[in-house]
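Asks: Got a structure for you, questions after.
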Amino acid sequence: MNILFFVHTPFQLFVSQQIIYQEKYENVTFLLGTIGENHAFYDAFHLMLKGTHIKHVVYKMNGLAQWASLSRKRLLFDMYGTYVRERKIRNILNKEKIDMIYMGDMNNLSCKFGALLYARLGFKIGFYEEGISHYYWAQYSDKYPFVNLLLAKLTDYFFYKPIWHFSFGKYMFNKAQLPFCDLPMNKRYSILPKYNDSFDIQLHLRAVENKELEGYIMADISGYDKSCNVTLFLSEPLFKNGIGDEEICLDVIENYLKLDVETDLFLLKYHPREKEVMKKKIEELFIRYGKEYRILSSSVTLPIELYLLYLSPKNMVLFLTSTFLYIKYLSPQTRVKMLVHDYVLQCSKRGYDVSPLKRTMEELGLQILEA
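If you use the numbering used here, the sequence shown corresponds to residues 68 to 438, in order.
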């Protein structure tokens with residue numbers, strides 16, 4: 068069977084490789100891309116694939132995460148871009164004689180469109196672990212219902228139906244989101260045992276054979292006293308989702324560092340969306356409070372889950388990254404401290420609407436702490 072993986076983050080490539088090894092796939096094609104302009108992901112893709120023994124073919128498509136996305140402001144431009152990119156994808160499918168297509172985010176509109184389209188064309192469809200959004204159905208706010216309804220009808224009539232012979236404008240613009248249960252799905256791979264449909268398969272994470280990648284990771288985590296108390300600290304710019312701001316994020320980190328008295332060494336791993344200015348401010352806080360730290364994955368943006376296949380820290384501190392979902396499988400003895408609770412309280416005190424963040428936390432089974 069010839070397989071195509073849509074991959075637009077290093078974590079997705081990590082999960083894709085887990086599926087390949089678990090299923091023993093031999094003929095694999097990767098369509099690698101980015102979220103927006105994050106071209107640094109290509110360095111991670113290169114390192115993660117360079118030393119692997121998987122027989123594979125690679126294609127690239129910048130902005131792959133939004134390959135079929137339409138916006139109000141650039142509607143005609145986006146329609147043309149979607150058509151061109153779909154032609155390129157169709158050429159890949161034909162050239163590589165693909166039988167099955169794997170996509171990541173079940174909440175991503177481009178993935179939903181691709182799943183509906185290619186299932187209609189006879190391809191088998193698989194979805195795989197994306198992170199937090201793999202486990203809850205995201206509903207989008209509809210700020211301009213009349214405009215969106217009009218655009219939905221226009222794009223269906225003049226774009227989707229004439230070219231691909233089915234409606235999708237109602238999902239792209241009207242925000243009547245397609246539930247997971249209505250997506251065409253032959254297989255769905257998850258790290259957590261949440262889903263139990265006939266097509267669901269649980270992934271069992273393991274280190275895949277890649278000497279170059281292993282060498283990079285081991286160089287990152289070696290050279291310190293293994294008997295010391297190590298805390299893995301994961302940053303996350305939650306404010307980029309429209310809730311809170313940079314100042315609140317830094318205040319939450321500072322409050323934690325003030326109270327920490329047991330950590331000998333912090334292993335600091337930045338979120339891929341963290342800006343350089345913010346990284347500098349975070350490091351200034353560590354220096355101010357006399358915390359010894361080392362930065363992981365400083366030159367290549369690798370997923371922290373790769374490190375946790377080789378590393379078992381005593382403590383882990385994070386905001387709301389999906390790693391907290393997997394830690395009991397990767398490092399069961401690690402204690403987890405989640406800063407999202409303090410972040411929600413601080414945002415609420417400063418007048419931000421934290422209800423979307425609370426809903427996400429509730430969907431993930433996290434207790435909401437009130438002030």
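Even glycine gets a Cβ: it sits at the ideal position worked out from N, Cα and C. If you're wondering where the values come from, they're calculated on a predicted model, not measured in any experiment.
So, at 6 Å on beta carbons, what are the nonlocal neighbours of lysine 278 in its own chain, with the 5 sequence-adjacent residues on each side left out?
Replies: Gly118
Asks: Between Pro380, Lys293, Leu259, which has its C-alpha nearest lysine 336's C-alpha?
Replies: The option with the nearest alpha carbon to lysine 336 is Pro380.
Asks: According to DSSP, simplified to helix, strand and coil, what is leucine 245?
Replies: Three-state result, leucine 245: coil.
Asks: If you reduce the DSSP assignment to three classes, tell me which class histidine 113 lands in.
Replies: helix
Asks: Output needed for lysine 325: all residues of its chain with C-beta closer than 7 Å, excluding positions within five of it in sequence on either side, in chain order.
Replies: Tyr356
Asks: Under 8 Å between the Cβ atoms of methionine 252 and phenylalanine 194?
Replies: yes
Asks: Should the stretch 120 to 129 be regarded as contacting the stretch 282 to 294, the criterion being three or more beta carbon pairs within less than 8 Å?
Replies: No: fewer than three Cβ pairs fall under 8 Å.
Asks: Mind checking whether leucine 352 and glutamate 321 have CB atoms under 8 Å apart?
Replies: Yes; because the gap between Cβ atoms is below 8 Å, this pair is in contact.
Asks: Check the DSSP bridge columns for threonine 298 and list the partner residues they point to.
Replies: Beta-bridge analysis with DSSP links threonine 298 to Phe333, Asn382.
Asks: On a Cα-Cα basis, can you pick out the residue from Asp223, Thr401, Leu71 that is closest to leucine 137?
Replies: Measuring C-alpha to C-alpha distances from leucine 137 to each of Asp223, Thr401, Leu71 identifies Asp223 as the nearest.
Asks: Check glutamine 269 in the structure and name its three-state DSSP category.
Replies: strand
Asks: Do you know whose CA, among Glu90, Gly311, Glu372, lies nearest leucine 424's CA?
Replies: Gly311
Asks: For threonine 119, which three-state DSSP category applies?
Replies: strand
Asks: Three Cβ pairs or more, each shorter than 8 Å: is that satisfied between the stretch 70 to 82 and the stretch 166 to 179?
Replies: yes
Asks: Could you tell me whether the Cβ atoms of valine 384 and tyrosine 291 are closer together than 8 Å?
Replies: no
Asks: Tell me, which residues are paired with glycine 100 by DSSP?
Replies: Met128
Asks: Check whether the Cβ of glycine 357 sits closer than 7 Å to any heavy atom of the ligand PLP, and report yes or no.
Replies: By its list of ligands, the structure shown contains no ligand whatsoever, and the ligand PLP lies outside what it can speak to.
Asks: Return yes when the Cβ of glycine 100 is within less than 8 Å of the Cβ of methionine 128, no when it is not.
Replies: yes
Asks: Beta-carbon separation of lysine 220 and glycine 198 under 8 Å?
Replies: Taking 8 Å as the Cβ cut-off, lysine 220 and glycine 198 do not qualify as a contacting pair.
Asks: Tell me the residue span of the beta strand (DSSP E) that contains tyrosine 256.
Replies: For tyrosine 256, the enclosing beta strand (DSSP E) begins and ends at 254 to 257.
Asks: So, using beta-carbon positions, are leucine 305 and phenylalanine 386 closer together than 8 Å?
Replies: yes
Asks: Within this structure, are the beta carbons of glutamate 196 and serine 265 separated by less than 8 Å?
Replies: no
Asks: Which same chain residues end up closer than 8 Å to methionine 68 when comparing Cβ atoms and leaving out the 5 residues on each side of it in sequence?
Replies: Tyr92, Asn94, Asp166, Met167
Asks: Given a cut-off of 8 Å, decide if leucine 301 and isoleucine 9 are closer than it, judged by their beta-carbon atoms.
Replies: Here the chain covers residues 68 to 438 and nothing more, so residue 9 does not appear.
Asks: Any idea if arginine 402 is buried or exposed, counting beta-carbon neighbours within 10 angstroms, 16 or more meaning buried?
Replies: exposed
Asks: Can you tell me whether tyrosine 202 is buried or exposed? The criterion is at least 16 other CB atoms within 10 Å of its CB, across all chains shown.
Replies: buried
Asks: Can the beta-carbon of serine 364 be found closer than 8 Å to that of aspartate 287?
Replies: yes
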